[in-house]
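A short write-up of the structure that comes next.
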Amino acid sequence: MTVRVRMAPSPTGFLHVGTARAALFNWLFARHHGGVFIVRIDDTDLERSTQEYEDEILESILWLGLDWDEGPRVGGPHGTYRQSDRFDRYREVAHSLVESGAAYFDDRTAEELEELRQRAQAEGKHPGHYIRRPEKERTEGAIRLSIPQDAPIVFEDLVRGRISFEPQDVDDFVILRSDGTPTYHLASTTDDVDYEITHVARGEDLLPSTPKHILLTRAMGHTEPVYAHLPLLFGTDGRKLSKRHGATALSEYREAGYLPEAMFNYLANLGWSLDAETTIFTKEQAIAAFDLADVSKNPAAFDPEKLKWMNGEYIRALEPERFREMVRPWIEKDVGRALDPEEWERFLQISQLVQERTHLLPEAAEQVRFLFVDFEAYDPAAWEKVMAKDGVAGVLDRALDALESLDDWDAGGVEERMRKLPEELGIGAAKVFQPVRVAVTGTSVSPPLFESMAALGRDRTLERIRRARRELG
RNA sequence: GGUCCCGUCGUCCAGCGGCCUAGGACGCCGGCCUUUCAAGCCGGAAACGCCGGUUCGAAUCCGGUCGGGACUGCCA
């Protein structure tokens, strides 16, 4: 039997990293088994669903590197993969369940039901004890599924093992609202049946709904899929993942300069691992080794620090040409204009040194800004820390002397001259190089100095040192 | 309150009865390298929630306890 799995996002917001990880696990499972990965749009909430969100979600999935075999844009044997196109089908299912006696109409008011719930709560019982088929038959209202009270609902969860619910703990839940629209339970379960989904891997928050889905599937005359309930994602403080932990939308990470490969690797390692030792692994390695049964049971904390480290690993592993290509737009955005060929050449001289020092693409742009922008002001902290010290003016004068007579302006030549200065002046290397660094780059942290000076060019470098000297008076 | 789930370093993951004086990774601390920052290398601190039981032997199995989480809607 071919493995058929799906991700079913609701286009009511951006793609959340938690949803993305669930999609990732489904995708890995499908690819491992040579199965089918389906994307289905769960837009039963017509009020809040938008085309913009749908597009954003699909783009994010693609960016992560998850391609789907059936679904929006690519189509498939089932025609539509949008629930809003299938309301007639859901109604048909609901009514046929009433027909067969598995479901019933219920026109009790919200107040009446609330009263029943309160009563159940007061007696320490489940609402299901009271919310059952009313005495007399109705012919309108919402449609509820009637829960058979004869046997516990037991299933084998791929990640959690055997799970069992007592029927009295499951209430007769609504499958079709009185306005004729389907609830999530009905739409999702019907689709899983119709699209022949074999495995449902989803967030643990849906574990308590699973007996409902199983009973609904059986009432429809089918056998339920294999379930796998994935642990939820939290912040490192153990609280629900939210804005205060940083970005929660996948697209925000793309916009912040993260590489999709790093994101993929990081997410795959949250709740699953390749083996005991390996943290960095490829998509192919993950596909080869992945199994839902190996997914951890406990919740995972999303750690932005580790993601950032991992992104640095991936950036360093990039081919130098590829790195330059990826950084260019970030530099141009930072500088506010396109770089001309001569400027681009400056960057190429130190791009590899920059690549080693970059965790996020935008950081690279910051590091080379001094090559293209004549800064108006020095970093105050840097000025205070290195330029305000005694003897700096003398150091700059001496550096100017040494560099002005230099004919071959390249990193090697600059270094040769500069290396002699500390000894000549009788002071430490840092005391010489740091003032020059601040003078040339405007800050005390920069790519390696001699290469930076070489890339900046002779005239610009000397002019900046003179300028700093003037500032010192 | 009820139902269900979970409980190994601060965090992610390994461990599936002896290989564990518990391993890898991020982060942290110290050192080396060094013109800054990175990177790299070396070293270090850091965990089996607790109590019982089973067993020759338990992080691993069982029970209890404590703690955390999810769900408890005519939301998804």
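Residue numbers for the first sequence, in the working numbering: 165 to 637. Positions of the beta carbon are idealized from the N, C-alpha and C atoms, including for glycine. The structure presented is a predicted model; accordingly, all values stated were derived computationally and were not measured.
In this chain, the beta strand (DSSP E) harbouring Y391 covers V390 to L394. Here the region 208-228 makes no contact with the region 465-476; the two share fewer than three CB pairs at distances below 8 Å. When only Cα atoms are considered, V334 and S328 end up about 12 Å apart.
Secondary structure note for L397: its beta strand (DSSP E) is the uninterrupted segment L397 to G399.
Judged by beta-carbon spacing, W227 lies within the 8 Å limit of P424, meaning their Cβ atoms are closer than that value. Contact annotation: the region 595-608 touches the region 548-558, with at least three C-beta pairs closer than 8 Å. Using a Cβ distance threshold of 8 Å, L535 and L434 do not count as a contacting pair. Residue pairing of Y268 in beta bridges, as defined by DSSP: R308. Non-local beta-carbon contacts of D498 in its own chain, meaning distances under 8 Å to residues more than five positions away in sequence, involve P526, A529, E530 and R533 in chain order.
By the neighbour-count definition (other C-beta atoms within 10 Å, threshold 16), L350 is a buried residue. Note that the C-beta distance between R237 and T362 is not below 8 Å.
Rounded to whole angstroms, the separation of the alpha carbons of R185 and V602 is 44 Å. Excluding five sequence positions before and after Y294, the CB atoms of its chain that fall closer than 7 Å to its own CB belong to L280, R283 and A284, given in chain order. R297 carries a coil assignment under DSSP once its states are collapsed to helix, strand and coil.
Closest by C-alpha distance to S342, out of I378, R366, E304 and A365, is E304. DSSP places H180 within a strand segment (E or B) once states are collapsed to three. When C-beta atoms of the region 308-316 are compared with those of the region 370-383, three or more pairs fall below 8 Å, so the two segments count as touching.
According to the DSSP assignment, G558 belongs to the alpha helix (DSSP H) that extends over V556 to E568.
As summarised for the region 479-519, there are no continuous beta strand (DSSP E) elements at least 3 residues long confined to that stretch.
If you compare the alpha carbons of A452, D571 and D504 with that of A432, the shortest gap goes to A452. C-alpha of E496 to C-alpha of F511: approximately 12 Å in a straight line. About 6 Å separates the beta carbons of G367 and L396, which is inside the 8 Å limit, making them a contact pair. As a beta-bridge residue in DSSP terms, P346 pairs with L340.
In this structure, I205 lies near Y245, with their beta-carbon atoms less than 8 Å apart. About 6 Å separates the Cβ atoms of L517 and E615, confirming a contact at the 8 Å cut-off. In this chain, the alpha helix (DSSP H) harbouring V596 covers A593 to T605. Here the alpha carbon of E580 sits roughly 42 Å from the alpha carbon of T443. Here L261 is buried: its Cβ has 16 or more other Cβ atoms, across all protein chains shown, within 10 Å. The beta carbon of G577 is closer than 7 Å to those of L570 in its chain, skipping five residues each way along the sequence.
Judged by their CB atoms, A465 and F539 are not nearer to each other than the 8 Å cut-off.
Looking at the DSSP output, A365 sits in a beta bridge with A392. Judged by their CB atoms, F428 and L188 are nearer to each other than the 8 Å cut-off. Across the structure, R492 and S248 are spaced so that their CA atoms are roughly 42 Å apart. The DSSP-derived three-state label of I378 is helix. Put simply, the backbone Cα of V203 is about 43 Å away from that of A286. Three or more beta-carbon pairs drawn from the region 316-323 and the region 384-396 are found closer than 8 Å, and the two stretches are therefore classed as touching.
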